[in-house]
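First the structure, in the form of structure tokens, and then the observations on it.
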Amino acid sequence: MPDINVNDDIALKIKNDPFPKHMGVEIIELSPGFARVSMKVQEHMTNILRITHGGVVFTLADVALGIASNARGSAAVAVNVNINFIRASRPGDVLIATAEEVHLGRRTANYRITIEDDDGKVVAMAQGLVFRES
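The sequence shown stops at residue 134 when you use UniProt numbering, and every number in between is there.
Here you go:
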């Protein structure tokens, strides 16, 4: 797992987070306020239309948000996340979520999260607000 200017203890905690591990999420890139993660869509992650369940896409966005916001070393929790689904993905697709810090305040921070497929097509876009421990 590449990390840039992230405390080793924090990077290890992020890497060993049980739910993302269960979902098959892999960290591609990590730095304070930034994260890029990927996940291969499995058959059991689909809905009745055989496309990726929206909750799976949302989960990947939320994981990227959590990793990016906690990579600064202080605890951060999501207060609000909204998502727009743009394009369907299917089993076998690799989804890549990139969370970028837009604003860092004393107690809150805003993030933009883009989820793309392995062809670089945007699958969803999200915005997240986190509360930061001081």
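Beta carbons: idealized from backbone N, C-alpha and C, even for Gly.
Remember, it's a predicted structure, so these values are computed and weren't measured experimentally.
Residue environment, residue i, which counts as buried when at least 16 other CB atoms sit within 10 Å
i      : result
ASP93  : buried
ASP119 : exposed
PRO18  : exposed
GLU133 : exposed
LEU65  : buried
VAL63  : buried
GLU116 : buried
VAL79  : exposed
GLY105 : exposed
LEU12  : exposed
GLY128 : buried
Check whether residue i and residue j have beta carbons under 8 Å apart
i      : j      : result
ALA124 : ILE67  : no
PHE131 : ARG107 : yes
VAL102 : THR114 : no
Top-ranked residue by Cα proximity to residue i, from the options
i     : options                        : result
GLY24 : VAL56, ILE86, LEU104 and ILE10 : VAL56
SER69 : ARG112, LYS40 and ASN16        : ARG112
HIS22 : GLY54, GLN127 and VAL41        : VAL41
ARG87 : GLY54, ALA109 and ASN110       : GLY54
Nearest-angstrom beta carbon gap, residue j and residue i [assumed within contact, 8 Å]
i     : j      : result
ALA71 : ILE14  : 7 Å
SER89 : THR52  : 4 Å
GLU26 : PRO91  : Going by Cβ atoms, the distance from GLU26 to PRO91 rounds to 17 Å, so no, they are not a contact pair.
VAL81 : ALA109 : No, VAL81 and ALA109 are not in contact; Cβ-Cβ is about 13 Å, not under 8 Å.
Residue-chain proximity (residue i, chain B), Cβ-Cβ < 8 Å
i      : result
VAL122 : Among the chains of the structure shown, chain B does not appear; only one protein chain is present.
query = Do the region 68-77 and the region 47-60 make contact, defined as three or more Cβ pairs closer than 8 Å?
reply = no
Check your understanding: With a cut-off of 8 Å, do at least 3 Cβ pairs link the region 94-104 to the region 28-39?
Key -> yes
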